[in-house]
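Enquirer:
Numbering (my numbering), first residue to last: 1 to 228.
1. Exposed or buried, residue 146, counting other C-beta atoms within 10 Å across all chains shown (16 or more means buried)?
2. Quick check: the Cα distance between residue 213 and residue 142, rounded to an integer number of angstroms?
3. Beta-carbon within less than 6 Å of residue 132's beta-carbon, same chain only, minus the 5 sequence neighbours each way: which residues are those?
4. Can you say whether residue 200 is buried or exposed, counting buried as having 16 or more other CB atoms within 10 angstroms of its CB?
5. If you measure between the beta carbons of residue 122 and residue 92, is that distance less than 8 Å?
6. In terms of residue numbering, what span does the beta strand (DSSP E) encompassing residue 76 cover?
7. Got a sec, what are the start and stop residues for the beta strand (DSSP E) residue 171 sits in?
8. Using only alpha-carbon positions, find the residue among 138, 134, 182, 125 that is nearest to residue 204.
9. What does a CB cutoff of less than 6 Å around residue 36 pick up in its chain, not counting 5 residues either side in sequence?
10. For my contact list, residue 65 and residue 86 are in at a C-beta cut-off of 8 Å; report their separation, rounded to the angstrom.
11. Check whether the stretch 181 to 194 touches the stretch 159 to 173, counting contact only when three or more Cβ pairs, one atom from each stretch, lie closer than 8 Å.
12. By how many angstroms is the C-alpha of residue 166 removed from the C-alpha of residue 176?
13. Enumerate in chain order the residues of its own chain whose CB-to-CB distance from residue 22 is below 7 Å, with the five nearest sequence positions on each side excluded.
14. Applying the 10 Å Cβ sphere with the 16-neighbour rule, what's the burial state of residue 227?
15. Kindly indicate which residue of 47, 210, 80, 59 has the alpha-carbon position closest to the one of residue 182.
16. Does DSSP classify residue 214 as helix, strand or coil?
17. Under a Cβ-count criterion, where at least 16 other Cβ atoms within 10 Å of its own Cβ denotes burial, should residue 55 be classed as buried or exposed?
18. Using a Cβ-Cβ cutoff of less than 6 Å, which residues in the same chain neighbour residue 151 once the five nearest sequence positions on both sides are dropped?
19. For the candidate residues 62, 88, 115, 79, whose alpha-carbon lies nearest to that of residue 148?
20. Residue 146 lies in the beta strand (DSSP E); which residues open and close that run?
21. Quick check on residue 216: buried or exposed, where buried means 16 or more other Cβ atoms within 10 Å of its Cβ?
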């Protein structure tokens with residue numbers, strides 16, 4: 001269930017930081033590649049983000065990415081375009097992008113019976129340690145025949161923790177460490193987890209770690225390659 005909710009949340013949050021502060025690539029054609037692992041350090045997916053288009057209008061900006069996911073054997077799973085909106089000193093992302101739509105696709109498309117709602121995820125242009133960020137939420141409803149499924153996630157207690165030097169396969173970066181709590185539910189099952197994300201200027205997300213309520217790591221992801 002958590003994989004359905006958290007499929008792209010980590011990487012997209014990193015990409016939401018202000019382009020004017022060069023917190024992520026804005027050059028069209030730039031590619032970021034990430035590897036995702038489960039709690040047993042087994043590779044689960046590879047995710048590739050490509051900067052497709054950047055539109056600037058005064059202090060506002062729209063950045064469109066092509067998101068492609070692959071299984072451990074590099075077989076394509078799903079792809080879609082995602083647009084982040086910068087308005088003034090804030091950035092916004094539709095929370096529907098946080099659902100793993102690949103789990104529901106039919107013939108490469110998402111069934112019309114799926115409805116996804118939620119508020120926009122908000123990020124500051126200039127984060128500083130100690131900042132407290134607004135909550136966000138997403139709700140998915142699926143109706144197919146006798147099946148009536150609802151999934152929800154609330155992202156709360158979002159904070160900027162510190163600034164740290166982080167080394168991953170893709171390099172060594174000076175990062176802002178963010179934390180948040182995620183409460184998700186589906187079919188009567190509730191799950192609480194703690195998320196830690198590290199973001200670097202000019203890159204976006206460098207790595208992510210997700211822990212269960214007992215403090216055990218459940219999954220992680222890291223930047224493995226940058227192509228420009």
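Note that the Cβ used here is the ideal one computed from N, Cα and C, for glycine as well.
Expert: Per the coordinate set shown:
1. exposed
2. 28 Å
3. 159
4. buried
5. yes
6. 76 to 87
7. 171 to 186
8. 125
9. 44, 45, 221
10. Not quite, the Cβ-Cβ distance comes to about 14 Å (not below 8 Å), so this is no contact.
11. no
12. 10 Å
13. Because the pLDDT of residue 22 is 49, which lies under 50, any placement of that residue in the model is unreliable, and the question is left without a value.
14. exposed
15. 210
16. coil
17. exposed
18. 140, 186
19. 115
20. Where residue 146 is concerned, there is no enclosing beta strand (DSSP E), given that its DSSP letter is neither H nor E.
21. exposed
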